[in-house]
Amino acid sequence: MERMERCRPTMDRCRDIGGNGFRRNLYSPSSTSNNGYGLFSRQISRLVKPNGNRAFLLDTLALVRGLEAKGVPTKQAEAIIAAITEVLNDSLENVAHAFVSQAEMQKVKLFSNCLLICFNEVLAVVLV
């Protein structure tokens, strides 16, 4: 048991780096978000509405008028632009979930290294 106490400082450092919330996110994908991606997702845009949807700027009126200028009826032009906007929104959501910030990646790397060090120390204590 005394040998295990030597590992305690390393385990405490791992806890400080990872933090309780970080570990929960790392091992439970949907613990902090409803999207099921947990730690490995983030909000790219700072223009996030309360319901979680991102705001992106798209001049739909100009697009509708452009289609109308090419002979597309107003109702059809509006329907086309609405469909394009929906697809674009879904695509941006998928892209947002595929990226991880540099800070998040650094935290994962530090936490993984710390766990490896702790494991090696525990293994050394057990094998001695």
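In terms of the working numbering, the sequence shown has 35 at position 34, counting the first letter as 1, and numbering is strictly consecutive. Idealized CB from N, CA, C, for every residue including glycine.
Tell me which residues share the same chain as GLY20 and place their Cβ nearer than 7 Å to its Cβ, disregarding the 5 neighbours each side in the sequence. Indexing the sequence shown from 1 puts residue 20 at position 19. Interpretation of GLY20 is limited by its pLDDT of 49, a score under 50 that renders its predicted location unreliable; the figure taken from the coordinates is listed afterwards. The answer is none, since no qualifying residue turns up.
Taking C-alpha atoms, which residue in ALA78, LEU59, SER113, PRO74 lies nearest to VAL65? For this step, residue 65 is matched to residue 64 along the sequence shown. Comparing Cα positions, the closest option is ALA78.
Can you round the beta-carbon distance between THR61 and ILE82 to whole angstroms, since I take them to be within the 8 Å contact cut? Position 60 of the sequence shown, counted from the start, is the residue given in the question as residue 61. Position 81 of the sequence shown, counted from the start, is the residue given in the question as residue 82. THR61 to ILE82, Cβ: 5 Å. Contact.
If you run the structure through DSSP and keep just helix, strand and coil, what is LYS108? Here residue 108 refers to the residue found at position 107 when the sequence shown is read from its first residue. Residue state, collapsed to three classes: helix.
Taking the straight line between their C-alpha atoms, what separation do you get for LEU89 and ALA97? To locate residue 89, count along the sequence shown from 1; it is residue 88. To locate residue 97, count along the sequence shown from 1; it is residue 96. Distance between the alpha carbons of LEU89 and ALA97 is about 12 Å.
Rounded separation between VAL73 and ASN95 - CA only: Residue 73 sits at position 72 when you count from the first residue of the sequence shown. Residue 95 sits at position 94 when you count from the first residue of the sequence shown. One C-alpha to the other measures close to 31 Å.
Looking only at its chain, what residues have a beta carbon closer than 8 Å to the beta carbon of LEU59, apart from the 5 residues adjacent to it on each side? Residue 59 sits at position 58 when you count from the first residue of the sequence shown. Excluding sequence neighbours, LEU59 sits near THR86, LEU89.
Whole-angstrom distance between ASN121 and GLN107, CA atom to CA atom: As a working mapping, residue 107 is identified with position 106 in the sequence shown. As a working mapping, residue 121 is identified with position 120 in the sequence shown. Roughly 21 Å separates the two Cα atoms.
LYS76 - containing alpha helix (DSSP H), residue span: Start at 1 with the first residue of the sequence shown, and residue 76 comes out as number 75. 75 to 99 is the extent of the alpha helix (DSSP H) around LYS76.
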